[in-house]
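Colleague: Order-wise, the sequence lines are chains P and F.
Per this note's numbering: the first sequence = residues 5 to 505.
Per this note's numbering: the second sequence = residues 5 to 505.
Questions regarding the structure given below will be posed in turn.
There are 2 protein chains.
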Amino acid sequence: MMRFALQARFTLSGDVSGLTKEFEKFIAETNESILKKGPEKLAVIEKYAIEKGTLSLFITSEGTLRPHNALLQIKNALSKDLGKTHHVGVRGITIENYMISFDLAHEPLKEVTIPFAEVKIQGKQATMVLSDVSEEFLRRNYIDRMMNRVKEKVENQYYEGKAEFWKLIWKSKEKPSIWTQDPTEQMESLGWLKQGPTKGKWFYRPQAAAILKTMEHIAIKEVLEPLGFQEVIESHIKPFEIWLKTGHMEGMPYEFYYVAEPKTRDAKDWERFIDLTKITKEVPVEELQKNLSAPTAGICYAQCPMIYWSFKGKTIAETSLPVSVYDKTAISARYESGGRHGIERVDEFHRIEPVYIGTREQLLSLREKLLERYKHVFNDIFDLEWRMAWVTPWYMQQAGKIADEGTQDTGTIDFEAYMPYRGTRQDSEWLEFQNLSILGDKYITAFNIKAQKSVLWSGCSGIGLERWTTAFLAQKGLDPKSWPDGFKKYLQNLPEGIQFL
Amino acid sequence: MMRFALQARFTLSGDVSGLTKEFEKFIAETNESILKKGPEKLAVIEKYAIEKGTLSLFITSEGTLRPHNALLQIKNALSKDLGKTHHVGVRGITIENYMISFDLAHEPLKEVTIPFAEVKIQGKQATMVLSDVSEEFLRRNYIDRMMNRVKEKVENQYYEGKAEFWKLIWKSKEKPSIWTQDPTEQMESLGWLKQGPTKGKWFYRPQAAAILKTMEHIAIKEVLEPLGFQEVIESHIKPFEIWLKTGHMEGMPYEFYYVAEPKTRDAKDWERFIDLTKITKEVPVEELQKNLSAPTAGICYAQCPMIYWSFKGKTIAETSLPVSVYDKTAISARYESGGRHGIERVDEFHRIEPVYIGTREQLLSLREKLLERYKHVFNDIFDLEWRMAWVTPWYMQQAGKIADEGTQDTGTIDFEAYMPYRGTRQDSEWLEFQNLSILGDKYITAFNIKAQKSVLWSGCSGIGLERWTTAFLAQKGLDPKSWPDGFKKYLQNLPEGIQFL
């Protein structure tokens, strides 16, 4: 059950205390017209009062027409009425008090708060109280989103800590382990890799660089080119507008690296900054902050949002379907905080992201082909021990939502590799080294992408080069002599590197 | 002529007004010991006064021993003296007033100011007055750097607007122009390129991406691999520490894209941000700022600083010399403001940066080999009309300094291509599409890089893929049929791309 009770005051341009009759009529008519549809009451003006230049209204409803929406309609009607007959205008609306009660699916497990309102919950009944709300606030649909946010917060309390959905699809044979070392640690001690210079970033010396770039080469030659994927190059700086559309902005704002531009490029405005830097040989932080604009973008998190953006508002020719493109240029950054480990859990990484747009049938068929090519790489070239599982769809995870089950059509498949250095096959966590999703029309709708005739779906697959590298090395070791022949065809010998004393 | 006059006050731990004799002796001795070297007066205590727990000193010097350095020595001597004989300690120093006069090479053309001091200049005589200076300030060498900064600011006034040094080295034959269009505009209208999503960034659809990536491929196959360069992969996020060492931080802070991290990755701390984003569908800027740390890094400006960093403090084996490596992964960003044009002057670009470290002879020889390979690419593969010139060394430009002449050993060579769309060969600006520098020991010293025996120099070369692309297309057009055979061997046909209605 929903109940809305709104106390509002219209400010008028003249004294209307003499118009008692007229207002009585206006209120009665409004209750019978705007607030009624056929015999059904949508909302009701329960009380009203006029005093000099103000009209106070108390409107209630059970939700069919929400009073804040009714209010804007009443304002229009009143303006018309008073304007015509008495040359009085409506100057503005103040919502003095707005109480909204609605049902929840579950009782909350702990307190729920949101901005702009007091929230009280008794059992499954939530009550939001707002005071001094502006007309603008009403117009912008905030109220509906606030109700949704309260419901969502309660639901999330039930999902928190719940195991994610995971269902095995396929599993390779067990493969004998060549070693049980952590490949990052070993590469670091051999000088192939160097940590830093900032947290969760790595410097790849020639040996490690050669392996990572071989992974890229294999993905392109064995998966993407055979399937006709075309390369695109996107910017690695993502404006908030794109993340607002995809849901990333509200989903994981604490995982972004943010980008701030100088307020001006005029050296004059930076003179003090430069003086202080030259004199102190340190960066004057306060002076820097003064010279920077607030961030309006961040470093790439996933590549697909900008690929969708590149199709925004476009109508794709049927002959170009399915569109299959990939970006391998944009570098991705995620603020990992405590979770960093080796090159497999880092703040900066390199990913090839294939994106496909087409009909449901086209994408289901493309998924089969992609799976076949991936299997070829992981079985025939890497000789990996790995498995595939349906998991919580990628975009739902990313928007902070949790799904209960993947379907055969849309959803995400995770590719996981056994990591001998982490322990036994049964008890250790396997590494997610790849994924593949079909996402339905979520992003197609968000970016208003159309085809001549077809109904479009989209999907993407994340090929994480650091993940491929670690999965392969964790099982196959660092000595090229022990590597499978399929891989040796791509990388027989490591570069010499640089010797240090 | 330099003149320093410093008025300081020592705060002592006890009343010393009874020790007139002792202080007379101490001052006389100090004038004869610390402040003298043989017969030469380095500095002089001109006046002193004792009053209860303080000693006031007035020290002058003509610069051989600067009073602020003398002061710290006097403090040590006084502590020793008073401590031993009278159990009185020196608690601290306050510099009440410090006047420093020094000569300038030129009269300033306009006013000069710096932080921490008043600057007055009469003719070629500059006077800096500091008040209430802390001991810490003295210790940190700020004063010497402040004097340098004043001198530098006056010198820069003379260089401002002066034409940069430019001396032609070599020039190709004139080549007939195939067209006179701006390639970016044409590619945009063909849908090969799309602007955005943020200022000065581009989205390369398959046709343009293929050309840009072909440039990368040619640079590697025709220049870097034949010369034995090894690939490394660096982080594209540069901490300020590195830029402080290279001089970038003080040289062009207004050209960086800055990177800010979340203060925490705890979703709880971002709850209000997420609530506001979900309710308003906008990014709450103030709330965001509260949740971000101050920037301590920026996006890659040039790749070489981090390559030098990777060798920091290392001793390189003689057998690894010359070290020749390149990064082609880090994406570079420069805040261009008004100067943006097409894909040749952008805020985000893709560069291969070869870096070489070795003896002078090794680098001079490598330069010849690089020049030969570059000539091969630009003449035999691109069939370009281009030229080479000595210019202001790259690192001096970048640190905001101006050199008068390049030498044969160190310095920068610019590669410039004629851009038919800009006008005639004589009157239009040619595009700098490549450079090559030998930088002597500047970065070797900054990062403390050593070899077993050899004295090391370093250098680098910037291969800007967007610049190669524009130079080539501006002369050769967009139709692969008209491209030179050498280039066609690398890219015969463009990808189909995606058709829109």
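Glycine included, each C-beta is placed from N, C-alpha and C at the ideal position.
Along the chain, where does the beta strand (DSSP E) containing F/A3 start, and where does it finish?
Modeller: Residue 3 of chain F is absent from the model: chain F starts at 5 and stops at 505.
Colleague: Leaving aside the five residues before and after P/E334 along the sequence, list all residues of the same chain whose C-beta is less than 6 Å from its C-beta, in chain order.
Modeller: The count along the first sequence starts at 1 and reaches residue 334 of chain P at position 330. Before going further, note that residue 334 of chain P is Ala rather than Glu in the sequence given. Excluding sequence neighbours, P/A334 sits near E238, H240, C304, Q307.
Colleague: Distance check for F/L248 and P/E286, CA to CA, integer angstroms please.
Modeller: Counting from 1 along the first sequence, the entry for residue 286 of chain P is found at position 282. Counting from 1 along the second sequence, the entry for residue 248 of chain F is found at position 244. Their Cα atoms are separated by approximately 7 Å.
Colleague: Going by beta carbon distance, what residues of the same chain come within less than 6 Å of P/S341, once the five residues before and after it are set aside?
Modeller: Mapped onto the first sequence, residue 341 of chain P falls at position 337. For P/S341, where only same-chain residues beyond five positions count, there are no Cβ hits under 6 Å.
Colleague: Would you list the one or two residues that DSSP bridges to P/Q185?
Modeller: By one-based count along the first sequence, residue 185 of chain P stands at place 181. Note: P/Q185 sits in no beta bridge, so no partner.
Colleague: Go ahead and pull the three-state DSSP assignment for P/C308.
Modeller: Here residue 308 of chain P refers to the residue found at position 304 when the first sequence is read from its first residue. Reduced to three states, the DSSP call for P/C308 is helix.
Colleague: From this set, P/S21, P/T281, P/F207, which residue's C-alpha is nearest F/R144's C-alpha?
Modeller: Locating residue 144 of chain F in the second sequence gives position 140, counting from the first residue. Selected option, being the one with the closest Cα: P/T281.
Colleague: Can you tell me whether P/Q507 is buried or exposed? The criterion is at least 16 other CB atoms within 10 Å of its CB, across all chains shown.
Modeller: Absent from the model: residue 507 of chain P. The displayed extent of chain P is 5 to 505, so no value can be given.
Colleague: What residues in the region 324–340 of chain P bring their beta carbon closer than 8 Å to a beta carbon of chain F?
Modeller: Per Cβ criterion, the list reads S324, V327, V329, T333, A334, I335, A337, Y339, E340.
Colleague: Determine the direct distance from the alpha carbon of F/E352 to that of P/I118, and round the result to whole angstroms.
Modeller: To locate residue 118 of chain P, count along the first sequence from 1; it is residue 114. To locate residue 352 of chain F, count along the second sequence from 1; it is residue 348. Computed Cα separation, rounded: 39 Å.
Colleague: Should the region 256–268 of chain F be called in touch with the region 360–370 of chain F, which here means at least 3 C-beta pairs below 8 Å?
Modeller: Judged by Cβ distances under 8 Å, the region 256–268 of chain F makes no contact with the region 360–370 of chain F, as fewer than three pairs qualify.
Colleague: In the region 146–180 of chain P, which residue ranges form an unbroken beta strand (DSSP E) of at least 3 residues, counting only runs that do not cross its ends?
Modeller: DSSP runs (the beta strand (DSSP E)) wholly in the region 146–180 of chain P: 170–175.
Colleague: Round the Cβ separation of F/V236 and P/P210 to the nearest angstrom and send it over; I've been treating them as touching at under 8 Å.
Modeller: Position 232 of the second sequence, counting from 1, holds the residue named residue 236 of chain F. Position 206 of the first sequence, counting from 1, holds the residue named residue 210 of chain P. Sure, about 6 Å apart at Cβ, within 8 Å.
Colleague: For P/Q234, I'd like the list of residues in its chain whose CB is within less than 6 Å of its CB, leaving aside the five on either flank, ordered along the chain.
Modeller: For this step, residue 234 of chain P is matched to residue 230 along the first sequence. Here the set comprises V329.
Colleague: Taking only beta-carbon atoms, is F/K198 less than 8 Å away from chain P?
Modeller: Your numbering for residue 198 of chain F matches position 194 in the second sequence. At least one chain P Cβ lies under 8 Å of F/K198.
Colleague: Using a C-beta cutoff of 8 Å, does P/L134 count as contacting chain F?
Modeller: As a first step, residue 134 of chain P is located in the first sequence; it is residue number 130 there, counting from the start. With 8 Å as the cut-off, P/L134 does not count as an interface residue toward chain F.
Colleague: Would you list the residues sitting across from P/G96 in a DSSP beta bridge?
Modeller: Here residue 96 of chain P refers to the residue found at position 92 when the first sequence is read from its first residue. Looking at the DSSP assignment, P/G96 forms a beta bridge with P/T15.
Colleague: Please confirm whether F/M150 has its beta-carbon closer than 8 Å to some beta-carbon of chain P.
Modeller: Walking along the second sequence from the start, residue 150 of chain F turns up at place 146. Output row for F/M150: interface = yes.
Colleague: When DSSP labels each residue in this structure, what does P/W313 get in the three-state scheme?
Modeller: Position 309 of the first sequence, counted from the first residue, corresponds to residue 313 of chain P. Of the three classes helix, strand and coil, the one that applies to P/W313 here is helix, per DSSP.
Colleague: Hey, is the region 10–29 of chain F in contact with the region 92–102 of chain F, meaning 3+ C-beta pairs nearer than 8 Å?
Modeller: A contact exists between the region 10–29 of chain F and the region 92–102 of chain F.
Colleague: Take P/E322 and list the residues in its own chain whose beta-carbon comes closer than 8 Å to its own, dropping the five residues that flank it on each side.
Modeller: Within the first sequence, the letter at position 318 stands for residue 322 of chain P. Only A455, Q456, K457, S458 meet the Cβ criterion.
Colleague: Hey, out of F/L325, F/L388, F/K242, whose CA is closest to F/A478's CA?
Modeller: Translated into positions along the second sequence, residue 478 of chain F becomes position 474. Measuring from the Cα of F/A478, the nearest candidate turns out to be F/L388.
Colleague: Let's see if you can read the secondary structure: which residues bound the beta strand (DSSP E) around F/V236?
Modeller: Counted from its first residue, the second sequence places residue 236 of chain F at position 232. Unbroken beta strand (DSSP E) run through F/V236: 234–236.
Colleague: What does a CB cutoff of less than 7 Å around F/I173 pick up in its chain, not counting 5 residues either side in sequence?
Modeller: Sequence index remark: in the second sequence, residue 173 of chain F carries index 169 (1-based). Excluding residues within five positions, the ones whose Cβ falls inside 7 Å are M392, A393, W394, I417.
Colleague: For F/Y162, which residues in the same chain have their Cβ closer than 8 Å to its Cβ, ignoring the five residues on either side in sequence?
Modeller: One-based indexing of the second sequence puts residue 162 of chain F at position 158. Here the set comprises H110, L113.
Colleague: Where P/D445 and P/G251 are concerned, what is the direct C-alpha to C-alpha distance, given to the nearest angstrom?
Modeller: Here residue 445 of chain P refers to the residue found at position 441 when the first sequence is read from its first residue. Here residue 251 of chain P refers to the residue found at position 247 when the first sequence is read from its first residue. Cα to Cα, the separation comes out at about 14 Å.
Colleague: What is the rounded straight-line gap between the Cα of F/N101 and the Cα of F/D136?
Modeller: By one-based count along the second sequence, residue 101 of chain F stands at place 97. By one-based count along the second sequence, residue 136 of chain F stands at place 132. Straight-line Cα distance between these residues: approximately 6 Å.
Colleague: So P/V263 and P/P299 are in contact, right, with Cβ under 8 Å, and what is the actual spacing, rounded?
Modeller: For the purposes of this step, residue 263 of chain P is taken as residue 259 along the first sequence, with counting starting at 1. For the purposes of this step, residue 299 of chain P is taken as residue 295 along the first sequence, with counting starting at 1. Right, the Cβ-Cβ distance comes to about 6 Å (below 8 Å), so this counts as a contact.
Colleague: So, is the C-beta of P/Q456 closer than 8 Å to a C-beta in chain F?
Modeller: Locating residue 456 of chain P in the first sequence gives position 452, where the first residue counts as 1. Taking Cβ atoms only, chain F reaches closer than 8 Å to P/Q456, which makes this a yes.
Colleague: Contact between the region 42–51 of chain F and the region 62–70 of chain F is defined here as three or more beta-carbon pairs at a separation below 8 Å; is this criterion met?
Modeller: Cβ pair count under 8 Å is three or more, so yes.
Colleague: Report the CB separation of P/R149 from F/I283 in whole angstroms; it is logged as a contact under 8 Å.
Modeller: Locating residue 149 of chain P in the first sequence gives position 145, where the first residue counts as 1. Locating residue 283 of chain F in the second sequence gives position 279, where the first residue counts as 1. Between F/I283 and P/R149 the Cβ distance is about 5 Å, and since that is below 8 Å, they are a contact.
Colleague: Measure from the C-beta of F/Y258 to each C-beta in chain P and report whether the shortest distance is under 8 Å.
Modeller: If you number the second sequence from 1, residue 258 of chain F lands on position 254. It does: the Cβ of F/Y258 has a partner Cβ on chain P nearer than 8 Å.
Colleague: Does the separation of the CB atoms of P/I97 and P/F8 fall below 8 Å?
Modeller: Counting from 1 along the first sequence, the entry for residue 97 of chain P is found at position 93. Counting from 1 along the first sequence, the entry for residue 8 of chain P is found at position 4. No.
Colleague: Using three-state DSSP, classify P/K242 as helix, strand or coil.
Modeller: For the purposes of this step, residue 242 of chain P is taken as residue 238 along the first sequence, with counting starting at 1. Strand at P/K242.
Colleague: Do P/K242 and P/A167 have their beta-carbon atoms positioned less than 8 Å apart in this structure?
Modeller: Residue numbering aside, residue 167 of chain P sits at position 163 when the first sequence is read from its first letter. Residue numbering aside, residue 242 of chain P sits at position 238 when the first sequence is read from its first letter. Going by C-beta atoms, P/A167 is not nearer than 8 Å to P/K242.
Colleague: Quick one: what's P/T416 bridged to in DSSP?
Modeller: As a position in the first sequence, residue 416 of chain P is number 412, starting the count at 1. Partner(s): P/V395, P/S441.
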